[in-house]
Structures are given as C-alpha cells and as structure tokens.
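**Q** Just add 23 to the spot in the sequence shown (first one is 1) and you have our numbering.
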Amino acid sequence: MKIAITRLPEKADTDQALCSRYGHECRIVSPLQVSAYEGACRDFLTAANRGDFDCIFFTSALPARYLAPRLRTDARFIAIGPQTARTLEESGITSEILPSHYSRDFASYLGDWLRGKSVGIPRADVPNPELIQSIEDSGGRPVEVPVYALEATGTPLDLAGADAVLFTSANSYSLARWENHPGLLLIAIGEITADRMREGGDSPDVKGDGTLEGTLRELNVYLTKD
C-alpha cells in the first residue's frame, strides 16, 4: 500500500525503510512543525548535567535528538518507545523502553523506585497532568520542561494516490487539514490517537500499539483478514 504518514520531517528518517520491510511505500505529510525553545533546552541540560534528576523520561524522539548529544549524567533513562531509544543510543545513551509505549504507564513501570526520586521530562509544550499526577502519587518529584512547541503548518495533507493515511498522534489528526475520500484506509498509531479520531467522526480502520512498527504489523493483519 501507499501510506501517507503524518510525521515531523525531523522524525521521519527511518520510516521509509520500515514501511518497505512490511511491504509498503510511505510518503511523509507534515500537519505540524516544530519550534525549539533553545533557552529551555540549555536550562534542562544544565539541570540534568549537575545531577538534578534521578531519572529522565523521553516521551518522544524529538527532545532526545535535541538533548542527548549534550547530556552527561548518570540518571536512569526511560524511552517511551523503540524509536526514541534508538535516538538516545546514537548518542551513547542506554535506555529502558516503556513496555506499553504510553506515558500514563510510566509510574507503574517504575513502581516503588520512584519514591523520593526527581524525574526530568523534556517534552512538547503540551501539558500531561495524568503523567504528573501519577508520578506524584508514587512519591516522585516530576519536573516537566517544555523544550519545543508543535504548531499547525496549515498546509493540506497531500493524499493524492495514497491508499491509507496513518496519524501518528492525536494532534497530528486534530490539527491536520485533509479530506477523506472513498477507499482511503484510516490508521491510528495507538488508542489515544484512535479516540481523538473517533471524536472527530473518523473512526480508524486499523489501530496500532503506539509504535510505527506495531501499527504496520496490525495493518498487515487487517489486510490479510480483509
């Protein structure tokens, strides 16, 4: 299939090869663009490298790309998924991958270890109160630092010739300009994105596990059944 994937260009470097492994072609379409907060990045690095954080949780590969090359800390690193872990590894940082790929499960994954620990969370300028509350309920001290913003490009998605469109986040769906058409397969990378799509009246045909690879596996299962 020809799949249009909503992805920031900065995060799309491995998508084509991964899609090819599963027998598909992909086209990157970008409903969002990133604006880095350079001052916040410097402040986070200063805090991390002086040992302020016992743990650093990367909820996306993008802040890992910005920060990992300059991190010098013995903190425990948690990556939300395999792509984020690979980005950290490129800078020599070994991380644990959150098994569920959902930040809401971060606190339960770390369990009692969190008590009394400080957790640095460099992320997009989108609050995540559920994550913060779960860390505090576990006795941890979350420090959520917005290091970049995601803004709508306003450019309509180029879906010409595409057999499917894969939305990689809830906001990449909500802020996208696009037109559905008969025969277009709608794919959500995970359940949070799927819920947002349903709220918008576009129920996904395929729902992944929060990762691109897991979503492609589910797509192939769906196509086999179909």
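Where is the CB? At the ideal position from N, CA and C, for every residue including glycine. Model, not experiment: these values are computed from the prediction.
(1) I'd like the span of the alpha helix (DSSP H) that includes Phe81, first residue to last.
(2) Using 8 Å as the Cβ pair cut-off and three pairs as the minimum, do the region 125-145 and the region 63-80 touch?
(3) Rounded to whole angstroms, what is the Cα-Cα separation between Arg50 and Asp160?
(4) Thinking just about the alpha-carbon of each residue, which of Tyr245, Pro150, Ala70, Ala63 is nearest to the one in Thr82?
(5) Glu174 bridges to which residues according to DSSP?
(6) Would you say Lys25 and Ala211 are within 9 Å of each other, going by their C-beta atoms?
(7) Under the three-state reduction of DSSP, which class applies to Gly74: helix, strand or coil?
(8) Grouping DSSP H, G and I as helix and E and B as strand, with all else coil, what is Glu119?
(9) Taking just the CA atoms, how far does Asp228 sit from Leu242?
(10) Between Tyr245 and Met220, is the Cβ-Cβ spacing less than 9 Å?
(11) Measuring only the C-alpha atoms, how far is Asp232 from Thr191?
(12) Could you check what DSSP says for Thr110 in three-state terms: helix, strand or coil?
(13) Please state the DSSP three-state secondary structure of Glu214.
(14) Report the CB separation of Ser53 from Pro32 in whole angstroms; it is logged as a contact under 8 Å.
**A** Let's see:
(1) No alpha helix (DSSP H) contains Phe81, which is instead part of the beta strand (DSSP E) from 78-81.
(2) Result yes; three or more Cβ-Cβ pairs closer than 8 Å.
(3) Cα to Cα, the separation comes out at about 42 Å.
(4) Comparing Cα-Cα distances from Thr82 to each of Tyr245, Pro150, Ala70, Ala63, the minimum goes to Pro150.
(5) According to DSSP, which records beta bridges pairwise, Glu174 is partnered with Gln56.
(6) 9 Å or more divides the Cβ of Lys25 from the Cβ of Ala211.
(7) Gly74 falls in the coil class under three-state DSSP.
(8) Per DSSP, reduced to three states, the secondary structure at Glu119 is strand.
(9) Their Cα atoms are separated by approximately 9 Å.
(10) Here Tyr245 is not near Met220, since their CB atoms are 9 Å or more apart.
(11) For Asp232 and Thr191, the distance between alpha carbons rounds to 11 Å.
(12) Looking at Thr110 - three-state DSSP - the assignment turns out to be helix.
(13) Secondary structure at Glu214: helix, using DSSP grouped into helix, strand and coil.
(14) About 6 Å separates the two Cβ atoms, so the contact holds.
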